[in-house]
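Visitor: Got a structure for you, written out below as structure tokens; questions coming shortly.
2 protein chains.
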Amino acid sequence: MRIGELAKATGTKAETIRYYEREGILPAADRTDSNYRDYSDEHLATLIFVRRARALGFTMAQVRELLALSDHEDKPCRDVDQLVQRQLGEVTRKIADLTSLQNELQHMLRSCQADRIGECRIVESLARPLR
Amino acid sequence: MRIGELAKATGTKAETIRYYEREGILPAADRTDSNYRDYSDEHLATLIFVRRARALGFTMAQVRELLALSDHEDKPCRDVDQLVQRQLGEVTRKIADLTSLQNELQHMLRSCQADRIGECRIVESLARPLR
DNA sequence: CTTGACCTTGTAGTTACTACAAGGTGCATA
DNA sequence: TATGCACCTTGTAGTAACTACAAGGTCAAG
Numbered sequence: 134m135r136i137g138e139l140a141k142a143t144g145t146k147a148e149t150i151r152y153y154e155r156e157g158i159l160p161a162a163d164r165t166d167s168n169y170r171d172y173s174d175e176h177l178a179t180l181i182f183v184r185r186a187r188a189l190g191f192t193m194a195q196v197r198e199l200l201a202l203s204d205h206e207d208k209p210c211r212d213v214d215q216l217v218q219r220q221l222g223e224v225t226r227k228i229a230d231l232t233s234l235q236n237e238l239q240h241m242l243r244s245c246q247a248d249r250i251g252e253c254r255i256v257e258s259l260a261r262p263l264r
Numbered sequence: 134m135r136i137g138e139l140a141k142a143t144g145t146k147a148e149t150i151r152y153y154e155r156e157g158i159l160p161a162a163d164r165t166d167s168n169y170r171d172y173s174d175e176h177l178a179t180l181i182f183v184r185r186a187r188a189l190g191f192t193m194a195q196v197r198e199l200l201a202l203s204d205h206e207d208k209p210c211r212d213v214d215q216l217v218q219r220q221l222g223e224v225t226r227k228i229a230d231l232t233s234l235q236n237e238l239q240h241m242l243r244s245c246q247a248d249r250i251g252e253c254r255i256v257e258s259l260a261r262p263l264r
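So the sequence lines, in the order shown, correspond to chains D and X.
With the first letter of the first sequence counted as 1, position 124 gets the number 257 in our numbering; the numbers rise by one all the way through.
With the first letter of the second sequence counted as 1, position 86 gets the number 219 in our numbering; the numbers rise by one all the way through.
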């Protein structure tokens with residue numbers, strides 16, 4: 134698939150895709166005879182992954198690390214283990230925070246549907262468990 | 134509490150705190166006789182909220198919206214409802230993505246602990262449910 | 001044969017910070 | 001009393017991760 138198609142499929146600007154290639158986040162695509170980038174389904178999957186990971190608050194460096202886990206066949210288990218452990222900790226913390234926020238939003242929604250204004254604990258939803 | 138104390142308590146640079154004040158994300162603090170910013174516990178809670186929300190991938194504009202829900206007493210339920218609905222959708226999607234990623238990381242960890250290298254589906258963990 | 005998608009290099013704007021510098025006040029402590 | 005550190009202000013500039021142009025060129029479908 135060509136860059137425009139990939140851009141559309143992932144909601145990413147073509148310029149951003151080229152930027153990811155320059156930054157080594159997305160592997161360079163094959164080229165057609167006319168020098169157009171020709172993306173595979175793996176490229177598509179990787180790009181979706183990158184975009185989601187970024188939307189979840191991971192930095193480019195973290196995305197790089199996560200992607201590196203993909204070819205951990207090369208590296209000894211011990212090395213990979215530490216990295217996975219660290220990422221897992223962060224992911225778990227994010228889920229906890231989001232779940233707390235989700236609960237409060239649902240609470241607000243229930244209050245609204247009952248057409249009464251409940252007290253709002255939205256700030257507390259994330260602020261409370263001070264780690 | 135003074136800015137340095139607040140900075141330390143939240144892991145935020147003092148300069149960032151002043152920046153949030155300029156941007157209207159954090160309400161201006163009271164001032165001491167010597168013109169030092171004097172923060173309350175509510176400021177602390179709000180700042181923790183802002184930092185977490187940012188780390189979870191919300192933009193400043195979205196954080197502003199979330200904070201605005203705090204004083205929804207002023208506005209009719211219908212208006213708030215829509216906003217909450219929208220935020221809830223995003224939060225739920227983020228949780229789903231993170232849970233999927235968490236599962237894959239845990240799977241990798243189990244493989245590593247058994248000292249064998251499992252096949253890696255980390256990219257697929259986020260790429261699969263193409264919405 | 002024109003129109004639109006693609007190619008390149010390069011510059012500059014945006015968001016959300018982060019880091020200085022310069023010049024000044026407040027205040028605790030040696 | 002002097003030193004030093006935390007704070008104040010305004011301002012400029014750097015960083016990360018894009019995003020948007022422009023200029024100049026190639027390619028291919030209608």
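Idealized CB from N, CA, C, for every residue including glycine.
1. Using a Cβ-Cβ cut-off of 7 Å (strictly less than) and excluding sequence neighbours within five positions of residue 170 of chain X, which residues of its own chain qualify?
2. Mind the definition here: the region 216 to 231 of chain D touches the region 227 to 241 of chain X only if three or more C-beta pairs lie below 8 Å; say whether that holds.
3. Shortest alpha-carbon distance to residue 144 of chain D belongs to which of D/208, D/260, D/177 and D/211?
4. For the region 217 to 234 of chain D, enumerate the residues whose C-beta is nearer than 8 Å to any C-beta of chain X, in chain order.
5. Short check: CB of residue 196 of chain X to CB of residue 183 of chain X, under 8 Å?
6. Could you tell me whether any Cβ in chain X is nearer than 8 Å to the Cβ of residue 171 of chain D?
7. Excluding the 5 residues flanking residue 202 of chain D on each side, which residues of the same chain have their C-beta closer than 6 Å to its C-beta?
8. Looking only at its own chain, which residues have a Cβ that is under 6 Å from the Cβ of residue 233 of chain D, when we skip the five neighbours before and after it?
9. Quick one: is residue 155 of chain X buried, meaning 16 or more other Cβ sit within 10 Å of its Cβ, or exposed?
10. Based on DSSP bridge pairs, tell me the residues matched to residue 170 of chain D.
11. What residue range is occupied by the uninterrupted alpha helix (DSSP H) comprising residue 190 of chain D?
12. Taking Cβ-Cβ distances shorter than 9 Å, what residues in chain D pair up with residue 176 of chain X?
13. Exposed or buried, which one is residue 324 of chain D when buried takes at least 16 other CB atoms within 10 Å?
14. With residue 246 of chain D and residue 224 of chain X assumed to form a contact (beta carbons below 8 Å), what rounded beta-carbon distance in angstroms separates them?
15. Out of D/231, D/146 and D/199, which has the shortest C-alpha to C-alpha gap to residue 221 of chain D?
Guide: In brief:
1. Only 135, 136, 162 and 164 meet the Cβ criterion.
2. With the cut-off at 8 Å, the region 216 to 231 of chain D and the region 227 to 241 of chain X touch.
3. Among D/208, D/260, D/177 and D/211, the Cα nearest to that of residue 144 of chain D is on D/177.
4. Listed by position along the chain: 217, 218, 220, 221, 224, 225, 227, 228, 230, 231, 232 and 234.
5. Taking 8 Å as the cut-off, the Cβ atoms of residue 196 of chain X and residue 183 of chain X count as close.
6. No - not a single Cβ of chain X is within 8 Å of the one on residue 171 of chain D.
7. Taking residue 202 of chain D as the centre and dropping the five residues before and after it, the same chain places no C-beta closer than 6 Å to its C-beta.
8. The residues are 258.
9. Exposed: under 16 other Cβ atoms inside 10 Å.
10. DSSP lists D/164 as partners of residue 170 of chain D.
11. Run containing residue 190 of chain D: none; DSSP gives neither H nor E here.
12. None at all; the shortest Cβ gap to chain D is about 11 Å.
13. The structure shown does not extend to residue 324 of chain D, since chain D spans only 134 to 264, so no value can be given for it.
14. So it is not a contact: roughly 18 Å between Cβ atoms.
15. If we check each option's Cα against that of residue 221 of chain D, D/199 comes out closest.
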